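All letters in the sequence shown, in the order written, are residues 645 to 995 by my numbering. For every residue, glycine included, the Cβ atom is placed at its ideal position computed from N, Cα and C. Keep in mind it's a predicted model, so treat the numbers as computed, not measured. In what follows, a single structure is set out as structure tokens and then discussed.
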Amino acid sequence: MPDFPLFPEQASTFAGPIDALYGVLIALSLIFGGILPFIILYLMVRYHRSQKADRRNQPEGSLPLELTWTIIPLVLVLAVFFWGAFLYIDIRTPPARNLEIYVIGKQWMWHTQHSNGKRENNELHVPINQPVKLIMTSQDVIHSFYIPAFRVKQDVLPGRYTTMWFEATKTGEYHLFCAEYCGTEHARMVGRVVAMSLADYERWLTTPGEIILPDGSAGAGGSGSTLIPSIGDPMALAGAQLFTSLGCVGCHRDDGAGIGPSLVGLYNVETRMQDGSLVTADENYLRESILNPGAKTVAGYANVMPSYDGQLSEDQLNQLVAYIKSLSDSGSASTRLSNDQIAGVVADELK
């Protein structure tokens with residue numbers, strides 16, 4: 645049955661280790677659930693004694709035998725546990741240098757945006773042999789971003805960011821699914837992942853096209869289906885322009901003399917709050933501080949920032965977060981691209 649493979653194609657660095665672990669779990673399940681019961685039944689029949697048998701001389705227990713059937717399963721279970729735990733840590737810990745792509749899920753499509761402004765709907769183009777980190781959020785309900793050939797899946801939640809990373813190893817086109825029931829047209833929320841050589845990815849990244857924004861228009865909160873060029877300003881530059889137009893630059897001055905804290909070097913750094921707690925300024929902290937600034941107030945500053953909840957689209961939130969991350973050396977290589985840097989520089993940064 646060549647058209648019905650037992651496993652999807654292996655096309656990422658995770659696919660081999662995950663399939664190996666899964667194969668061991670299946671083998672152990674077959675041994676303990678499929679073979680041992682028949683051995684037990686055989687022994688019950690083979691050594692069965694009638695009720696009239698003399699039971700006065702019962703055999704004594706065997707300590708070596710009891711230790712054997714206790715220690716061997718314990719070792720197997722611990723081996724599988726630590727194997728799975730270390731693999732999980734690897735899957736959840738992206739390399740420091742990676743290519744960041746923002747993903748927005750909505751009923752019923754996937755919208756992606758690359759750092760240079762390139763956008764896609766229900767498609768994701770990535771280079772092979774390069775770590776790619778997806779920063780994802782939902783515009784409405786819970787979705788789940790699933791690429792079977794890469795063996796990666798991550799829930800996409802409204803109101804916060806979730807992340808996952810992978811490294812494609814083979815060029816080609818692979819299925820992309822939503823693996824969480826999200827409404828009546830859930831089955832149509834599909835797409836494709838296109839893994840390309842680095843040179844082809846660089847060319848694709850700078851090729852203009854047209855795309856529909858996740859809110860249906862070129863502006864926040866619009867309606868309809870307006871097509872815009874798929875290469876606009878880099879996300880960090882668009883975020884800087886939005887940061888200035890909203891008046892944020894007057895409070896969050898680079899020299900720290902404003903009524904709000906400076907954002908230079910803030911990303912991924914532990915920051916002291918008014919209640920004395922330490923909070924790491926990751927993507928979710930930045931998002932929460934924009935939408936609900938009173939939730940966590942930095943020590944030494946008053947809670948005077950207005951909330952932008954309902955005033956910004958998910959696209960604009962992503963751009964603001966990308967801009968703030970670009971002010972820190974902790975941001976990814978792709979986040980720090982300037983307006984005149986193109987895909988070739990992305991390749992140089994990741995090599």
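Inset, instruction - Just tell me which of Glu744, Gly904, Pro717, Ile675 has its CA closest to the CA of serine 933. - result: Here residue 933 is taken as the residue at index 289 of the sequence shown, counted from 1. That would be Gly904, whose Cα lies nearest to the Cα of serine 933.
Inset, instruction - May I ask you to report which of helix, strand or coil DSSP gives isoleucine 748? - result: For this step, residue 748 is matched to residue 104 along the sequence shown. Reduced to three states, the DSSP call for isoleucine 748 is strand.
Inset, instruction - Would you tell me roughly how many angstroms separate the C-alpha atoms of glycine 728 and isoleucine 662, rounded to the nearest one? - result: Position 84 of the sequence shown, counted from the first residue, corresponds to residue 728. Position 18 of the sequence shown, counted from the first residue, corresponds to residue 662. Cα-Cα distance, rounded: 9 Å.
Legend entry - Cut-off 6 Å between Cβ atoms - residues of its own chain near valine 837, not counting five sequence neighbours on either side: Start at 1 with the first residue of the sequence shown, and residue 837 comes out as number 193. Taken in chain order, the residues that qualify are Leu768, Ile791, Tyr818, Leu820.
Legend entry - Member of Met917, Asp926, Tyr666 whose CA lies at the smallest distance from the CA of valine 942: Sequence index remark: in the sequence shown, residue 942 carries index 298 (1-based). Measuring from the Cα of valine 942, the nearest candidate turns out to be Met917.
Inset, instruction - Take phenylalanine 658 and list the residues in its own chain whose beta-carbon comes closer than 7 Å to its own, dropping the five residues that flank it on each side. - result: The residue labelled residue 658 in the question sits at position 14 within the sequence shown. Only Ile735, Phe794, Arg795, Val796, Phe810 meet the Cβ criterion.
Inset, instruction - Just the C-alpha distance for methionine 879 and aspartate 799, rounded to the nearest angstrom, thanks. - result: Taking the sequence shown and counting its residues from 1, the one referred to as residue 879 is at position 235. Taking the sequence shown and counting its residues from 1, the one referred to as residue 799 is at position 155. Between methionine 879 and aspartate 799, the C-alpha separation is close to 24 Å.
Inset, instruction - Throw me the rounded Cβ distance for the glycine 909 and leucine 971 pair, which I believe falls under 8 Å. - result: Position 265 of the sequence shown holds residue 909. Position 327 of the sequence shown holds residue 971. The Cβ separation is near 7 Å, so the contact holds.
Inset, instruction - Alpha carbon to alpha carbon, how far is lysine 777 from glutamate 914? Give it in angstroms, no decimals. - result: Mapped onto the sequence shown, residue 914 falls at position 270. Mapped onto the sequence shown, residue 777 falls at position 133. Distance between the alpha carbons of glutamate 914 and lysine 777 is about 22 Å.
Inset, instruction - Name the two residues that bound the continuous alpha helix (DSSP H) containing glycine 894. - result: For the purposes of this step, residue 894 is taken as the residue at position 250 of the sequence shown. Note, glycine 894: alpha helix (DSSP H), 892-895.
Inset, instruction - Check each candidate in Glu927, Met949, Leu922 and name the one with the smallest Cα separation from proline 937. - result: As a position in the sequence shown, residue 937 is number 293, starting the count at 1. When only C-alpha atoms are compared, the closest one is Met949.
Legend entry - Beta-carbon proximity list for proline 802, same chain, < 8 Å, skipping 5 on both sides: On the sequence shown, residue 802 is found 158 positions in, with the first residue counted as 1. Within the same chain, proline 802 has close Cβ partners Thr781, Ser782, Gln783, Asp784, Val785, Ile786.
Inset, instruction - Could you pull out every residue in the same chain whose Cβ sits closer than 7 Å to the Cβ of glutamate 958, ignoring the five residues on either side in sequence? - result: Walking along the sequence shown from the start, residue 958 turns up at place 314. Excluding positions up to five away in sequence, the list reads Ile748, Thr781, Gln783, Pro858.
Inset, instruction - Label glycine 891 either buried or exposed according to how many other C-beta atoms from any shown protein chain fall within 10 Å of its C-beta, with 16 as the threshold for buried. - result: Here residue 891 refers to the residue found at position 247 when the sequence shown is read from its first residue. Classification for glycine 891: exposed.
Inset, instruction - Give every residue of the same chain whose Cβ lies closer than 7 Å to the Cβ of isoleucine 805, excluding the five residues on either side of it in the sequence, and list them in chain order. - result: As a position in the sequence shown, residue 805 is number 161, starting the count at 1. The question names isoleucine, yet the displayed sequence has tyrosine at residue 805. Closer than 7 Å at the Cβ level, and outside the excluded window around tyrosine 805, lie Ile779, Met780, Thr781, Glu927, Asn928, Arg931.
Inset, instruction - Can you tell me which of Asp953, Val724, Pro775 puts its alpha carbon nearest to the alpha carbon of alanine 740? - result: Position 96 of the sequence shown holds residue 740. Alanine 740 has its Cα closest to that of Pro775, out of Asp953, Val724, Pro775.
Legend entry - Simplified DSSP assignment, three categories, for glycine 883: The count along the sequence shown starts at 1 and reaches residue 883 at position 239. DSSP places glycine 883 in helix when its eight states are reduced to three.
Legend entry - Check whether cysteine 826 and tryptophan 752 have beta carbons under 8 Å apart: Start at 1 with the first residue of the sequence shown, and residue 826 comes out as number 182. Start at 1 with the first residue of the sequence shown, and residue 752 comes out as number 108. Yes. Within cutoff.
Inset, instruction - Could you say which of Phe789, Ile856, Val893 lies nearest to histidine 830 if we only look at CA atoms? - result: Mapped onto the sequence shown, residue 830 falls at position 186. Histidine 830 has its Cα closest to that of Phe789, out of Phe789, Ile856, Val893.
Inset, instruction - Have a look at leucine 743 and asparagine 773 and give me their C-alpha separation to the nearest angstrom. - result: Position 99 of the sequence shown, counting from 1, holds the residue named residue 743. Position 129 of the sequence shown, counting from 1, holds the residue named residue 773. The straight-line gap from Cα to Cα measures roughly 11 Å.
Inset, instruction - Select from Phe730, Thr851, Val770, Thr828 the residue whose C-alpha is nearest the C-alpha of alanine 839. - result: Here residue 839 refers to the residue found at position 195 when the sequence shown is read from its first residue. Ranking the options by Cα distance to alanine 839, first place goes to Val770.
Inset, instruction - List the residues that DSSP assigns as beta-bridge partners of glutamate 817. - result: Position 173 of the sequence shown, counted from the first residue, corresponds to residue 817. For glutamate 817, which the question treats as bridged, DSSP gives the partners Val838.
Legend entry - Selected residue, minimal CA-CA separation from glutamate 846, among Leu669, His758, Pro717: Translated into the one-based positions of the sequence shown, residue 846 becomes position 202. The option with the nearest alpha carbon to glutamate 846 is His758.
Inset, instruction - Mind checking who proline 802 pairs with in its DSSP beta bridge? - result: Residue 802 sits at position 158 when you count from the first residue of the sequence shown. Partner(s): Ser782.
Inset, instruction - Within 10 angstroms of the Cβ of asparagine 962, are there 16 or more other Cβ atoms? Answer buried if so, exposed if not. - result: On the sequence shown, position 318 is the one that residue 962 refers to. With 16 or more other Cβ atoms within 10 Å, it is buried.
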